[in-house]
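Have a look at the structure below, then the notes.
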Amino acid sequence: MAYSEKLLDHFKNPRNVGTLDKNNSGVGTGLVGAPECGDVMRLQIQVDPETQKITDAKFKTFGCGSAIASSSLATEWLKGKSVDEALSIDNMAIVEELALPPVKIHCSVLAEDAIKGAIRDYQQKNGLEVTATVEAH
Amino acid sequence: MGQRLIYLDNNATTPTDPRVVETMIPYFYENPGNAASRNHPAGWVAEGAVDTAREQIADLINVDPREIIFTSGATESDNLAIKGVFEMYARKGNHIITATTEHKAVLDACKKVEKKGGEVTYLEVDSEGLISLEALEAAITDKTILVSIMWANNETGVIQPMKEIGEICAKHGVLFMSDATQAVGKIPVDPKATGVHLMAFTSHKMYGPKGVGALFVNRKNPRVKVTSQMDGGGHERGMRSGTLNVPGIVGFGKAAAIAKEEMHEDAARLSKLRDKLQSGLMDILEESYVNGSEEHRMPHVTNISFKHVEGEGLMMTFNQNIALSSGSACTSASLEPSYVLVALGLGDDLAHSSLRFSLGRFTTEEDIDATIKQVSEGVNHMRELSPIWEMFKEGVDIDAIEWSEH
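From first to last, the protein sequence lines stand for chains D and E. Counted the way the working numbering counts, the first sequence spans residues 1 to 137. Counted the way the working numbering counts, the second sequence spans residues 1 to 406.
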């Protein structure tokens, strides 16, 4: 199957690869997927406590090209967004942006879950109301 | 692109040798005959060409030409052998023994037999990919009519102890069938000397054209018969009806003749290149593991897992330049990794991380050098991106993590 240029670009030149200090109170970490399914995504956000804006985002992903591109794109979209705005990122937007084929839609779902997981972790750590809910699939 | 694609997927299919293509061409237009047309020269020419090819193929595996039944490929041959024996020998018994690492053509034919009242035992393999001879013998009952064990595995290249299996089958008077698709034309295969009574193989894994295969059916001691699965004009001694694919068969014959001449030289050259590839990758890349027996293995195959790297993503790093296969789940719609590798006892960390390199007659040393470079760069890229690799390097016990399912 042929992948889109955007997907290949995110795969070959992934944005924001790396690790934030998970013990920092401003950092939220979402770790989703499972090795036995062939996909594990770790997405981290750095939130400015004053503004509740996401100042940095990093990821590392074990998985296929679509999973890597989905998480790379997610980190790009997260930067500069408020936590509330970030919560509204929908997996179908990732599907459209990267032109994911139907068998790869689960990669975008995983990226959405990783975003919500990171926000939930940040909210829990800081005693905030948890507005991020990860649906079971 | 401008660059030649490096083709290391010869276990999927081999390129048709240009010498084979050349012999086929006259049988499309110049010689249009149906090999079953007995009343005019066009038919005689076609029949003569098929006879020659049958002799070439029989000669390669040291059997009588009358023991070669032409089919559309190894999948059909496997089906004909398994279902055909099950139906033909129904009065003798209904039990078939095979192994969990067989090709789907064998496993799915066995599943069909089970639906029709057959009993099938699926032998497990050890970490090397080999069946246990003791387990095989213990599985034989007075209802056993067939043992079906592949000569060499398509994913790992592991070669089963064929001679010993043949001896056990002979001792118990059970027919022995083998899917030898990956072995014929690549290593010496002599079914009669091995105690094999039925053997499936195909042209397109030995530099012949696609769409033509064969089933060897032993004629004497014992005289084996299979119930036809395709009925019609009574071709192929009534075992497989259907107009013969004359150009395909001519090409298959030529491929067999070339294989007989060049197999040993090819195997010696390819095993050196394969070893260079394998050690080249494993020297550079820590935590890489060869899957299956290295001792009992086809000369042109190596299957390597790169820990904590997902196979399909890895392939995307180089698949514009190199064609090969992965045992990863993501190459199929299911989330299950290769059942062959799982049968060897591989955990998820390795089963999802495997690449199969299968070299062929047209593989060059430059191909291997480029592959070592590009694959190792790909593995390093994927590991830099992998959270599991990072945890592994930090000493985190990955098995102890409670992963979310999705």
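Glycine included, each C-beta is placed from N, C-alpha and C at the ideal position. The model shown is predicted, which means the values in this text are computed figures rather than measured ones.
Listing by chain order, which chain E residues have their CB less than 7 Å from the CB of residue i?
i	result
residue 60 of chain D	385, 386, 387 and 390
residue 40 of chain D	387 and 388
Using a cut-off of 8 Å between C-beta atoms, extract the partners of residue i located in chain E.
i	result
residue 68 of chain D	313 and 385
residue 65 of chain D	312, 313 and 316
residue 14 of chain D	385
Who are the neighbours of residue i on chain D, taking C-beta pairs under 8 Å?
i	result
residue 398 of chain E	35
For residue i, which residues does DSSP report across the bridge?
i	result
residue 257 of chain E	Residue 257 of chain E is not bridged to any residue.
residue 48 of chain D	D:53
residue 7 of chain E	E:323
residue 213 of chain E	E:71 and E:202
residue 289 of chain E	E:305
residue 297 of chain E	E:158
residue 60 of chain D	D:42
residue 184 of chain E	E:187
residue 246 of chain E	Answer is none; residue 246 of chain E lacks a bridge partner.
residue 17 of chain D	D:59
Anything in chain D within Cβ reach of residue i, meaning under 9 Å, just list it in chain order.
i	result
residue 348 of chain E	34, 35, 36, 37 and 38
residue 403 of chain E	31, 32, 33, 34, 35, 36, 37 and 40
residue 197 of chain E	Chain D residues near residue 197 of chain E: none, gap ~41 Å exceeds 9 Å.
residue 300 of chain E	Going along chain D, no residue has its Cβ under 9 Å from residue 300 of chain E, so there is no contact; the nearest lies around 27 Å.
Kindly indicate the opening and closing residues of the beta strand (DSSP E) around residue i.
i	result
residue 140 of chain D	Residue 140 of chain D falls outside the range modelled here, since chain D spans only 1 to 137, and no answer is possible.
residue 19 of chain E	Taken as a continuous stretch (DSSP letters only), residue 19 of chain E belongs to no beta strand (DSSP E), being part of the alpha helix (DSSP H) at 18-24.
residue 178 of chain E	175-179
For residue i, which residues in the same chain have their Cβ closer than 6 Å to its Cβ, ignoring the five residues on either side in sequence?
i	result
residue 331 of chain E	With a pLDDT of only 47 at residue 331 of chain E, under 50, the local geometry of the prediction cannot be trusted, and the value read off the model is given with reservation. Cβ neighbours of residue 331 of chain E beyond the five flanking positions: 312.
residue 399 of chain E	none
residue 60 of chain D	42
residue 30 of chain D	43, 114, 117 and 118
residue 164 of chain E	133
Taking Cβ-Cβ distances shorter than 9 Å, what residues in chain E pair up with residue i?
i	result
residue 17 of chain D	384 and 385
residue 101 of chain D	Within chain E, no residue comes near residue 101 of chain D; the closest Cβ sits about 11 Å away, beyond 9 Å.
Could you please give the first and the last residue of the uninterrupted alpha helix (DSSP H) stretch that includes residue i?
i	result
residue 115 of chain D	105-125
residue 194 of chain E	191-194
residue 92 of chain D	91-98
residue 11 of chain D	5-12
residue 55 of chain E	41-60
residue 316 of chain E	311-316
residue 85 of chain D	83-87
residue 76 of chain D	65-78
Among the residues of its own chain, which have a CB less than 8 Å from the CB of residue i, if the five just before and after it don't count?
i	result
residue 206 of chain E	14, 184, 185, 186, 255, 256 and 259
residue 407 of chain E	Past the boundaries of the shown model lies residue 407 of chain E; chain E is included only from 1 to 406, so the question cannot be answered.
residue 43 of chain E	33, 34, 35, 36 and 37
residue 65 of chain D	3, 7, 8 and 11
residue 303 of chain E	155, 156, 157, 290, 291, 292, 327, 341, 354, 355, 356 and 357
residue 24 of chain E	209, 247, 248, 250, 251 and 254
residue 118 of chain E	86, 94, 95, 96 and 110
Kindly list, in the order they appear in chain B, the residues whose Cβ is closer than 8 Å to that of residue i.
i	result
residue 95 of chain E	Absent from the structure is chain B; the protein chains it does hold are D and E.
So, at 7 Å on beta carbons, what are the nonlocal neighbours of residue i in its own chain, with the 5 sequence-adjacent residues on each side left out?
i	result
residue 69 of chain D	7, 10, 11 and 98
residue 293 of chain E	128, 129, 130 and 158
residue 371 of chain E	6, 8, 277 and 322
residue 101 of chain E	125, 129, 153, 340 and 343
At a CB-CB cut-off below 7 Å, which residues of chain D make contact with residue i?
i	result
residue 409 of chain E	Absent from the structure is residue 409 of chain E, since the part of chain E shown begins at 1 and ends at 406.
residue 204 of chain E	Simply none; closest approach about 23 Å.
residue 172 of chain E	By Cβ distance, chain D contributes nothing, its closest Cβ being about 40 Å from residue 172 of chain E, past 7 Å.
Segments of 4+ residues assigned as alpha helix (DSSP H) that fall wholly inside the region 85-171 of chain E: DSSP assignment within the region 85-171 of chain E yields the following whole alpha helix (DSSP H) runs of 4 residues or more, N-terminal first: 104-115 and 133-139.
Considering only residues of the region 371-398 of chain E, which uninterrupted alpha helix (DSSP H) runs meet the minimum length of 4 residues and lie entirely inside it, listed in chain order? 387-393
In the region 336-360 of chain E, which residue ranges form an unbroken beta strand (DSSP E) of at least 3 residues, counting only runs that do not cross its ends? 354-358
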